[in-house]
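The sequence shown begins at 883 in the numbering used here and counts up by one.
Quick notes on the structure that follows.
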Amino acid sequence: MNTYDFDKTIFYPDSSYSFIKWCLKRRPSLYLFWLPAAAAAGIGYLVGLNSKEHLKEKAFGFLPHLKDIDSEVELFWKEHEHKLSDWYLKQKKDDDLIISASPEFLLKPITDKLGVKLLATKMDKYSGKIHGLNCFGHEKVRRFREAFPDSATEEFYSDSLSDSPMAEIADKAYIIKDNATRPEEWPERKEK
């Protein structure tokens, strides 16, 4: 099984940021509900008062004000699917796993279309509340081992060294460069 981060790895730029920006552009009235709480959470995160989970919940705080979240996500992917990386589409396999900090409800439609497995942050698509931890760093390894206790990851791909815990458990690892266009060997990897 090959395992991939999603944002800035096989999709550029970041799907969460792109979705938030896309929703706010389409419905400017959402700024009334979103901006004050998101700004306060961002400042709190920067000074160490808030967790990533809290920040992400506030960033998606506009979700309760969307009438049909499933239609919004479907339309988003119709307009953004072309941003999937060509290098990934050429090597995609049916047993691939996408493991991402982005919300599961946002990525599931595109990973279903690609025909691959998904592990991502469990977020309620109606409220923006996260169930459990953000699927990031060591949490990715924990979630991978929980979901696939008898499987190994042959190759792992990510744009970020924050994914070093996943890179360490893979047979081979690659870091993605140049706006998700080029994989190269992972730097400073410990010997397995």
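Positions of the beta carbon are idealized from the N, C-alpha and C atoms, including for glycine.
Roughly how many angstroms lie between the CA atoms of residue i and residue j, to the nearest whole one?
i, j, result
"ASP1053", "LEU948", "43 Å"
"GLU1021", "GLN973", "26 Å"
"LEU1000", "PHE1038", "14 Å"
"PHE901", "ARG1027", "29 Å"
"ASP1041", "PHE1018", "13 Å"
"TYR886", "LEU906", "28 Å"
"SER897", "LYS975", "21 Å"
"ALA1029", "HIS1013", "16 Å"
"LYS890", "ILE1058", "8 Å"
"ALA1049", "ALA1055", "5 Å"
"MET883", "PRO1031", "13 Å"
"SER953", "TRP904", "13 Å"
"GLU1070", "SER1044", "13 Å"
"SER832", "ILE951", "Lying before the first or after the last residue shown, residue 832 is absent from the chain, which here runs from 883 to 1074."
"SER1033", "ASP1060", "31 Å"
"ASP977", "PHE888", "15 Å"
"LEU971", "TYR894", "13 Å"
"PHE915", "ALA921", "11 Å"
Just checking: is the beta-carbon of residue i within a distance shorter than 9 Å of some beta-carbon in chain D?
i, result
"LYS960", "Among the chains of the structure shown, chain D does not appear; only one protein chain is present."
Can you name, in chain order, every residue of its own chain whose Cβ lies under 7 Å from the Cβ of residue i, other than the five neighbours on each side?
i, result
"LEU937", "ALA923, GLY924 and TYR927"
"GLU939", "GLY1010, LYS1011 and ILE1012"
"PRO991", "VAL955, GLU956 and TRP959"
"GLU963", "ILE992"
"ALA983", "THR1003, ASN1016, CYS1017 and PHE1018"
With DSSP collapsed to three states, give me the class of residue i.
i, result
"LYS1054", "strand"
"LYS1059", "strand"
"PRO1047", "helix"
"GLU1070", "coil"
"TYR894", "coil"
"PHE944", "coil"
"ARG1064", "strand"
"SER1040", "strand"
Please work out which residues of its chain come closer than 6 Å, Cβ to Cβ, to residue i, disregarding the five sequence neighbours upstream and downstream, and give them in chain order.
i, result
"PRO985", "THR1003 and MET1005"
"SER967", "ILE892 and ALA1062"
Please return the same chain residues whose Cβ sits closer than 8 Å to the Cβ of residue i, not counting the five positions on each side in sequence.
i, result
"ARG1025", "ILE981, LEU1001 and CYS1017"
"LEU979", "MET883, ASN884, THR885, TYR886, VAL998, LYS999, LEU1000, LEU1001, PHE1026, PHE1030 and THR1035"
As an exercise, report each continuous alpha helix (DSSP H) stretch of at least 4 residues that is fully enclosed by the segment 951-1029, in chain order. 951-962, 968-973, 986-996 and 1020-1029
Does the segment 939-957 come close enough to the segment 1004-1013 that 3 or more CB-CB pairs lie under 8 Å? yes
The segment 920-940 contacting the segment 989-999, beta-carbon criterion three pairs below 8 Å: no
Segment contact flag, the segment 903-922 with the segment 1059-1067, C-beta cutoff 8 Å, min 3 pairs: no
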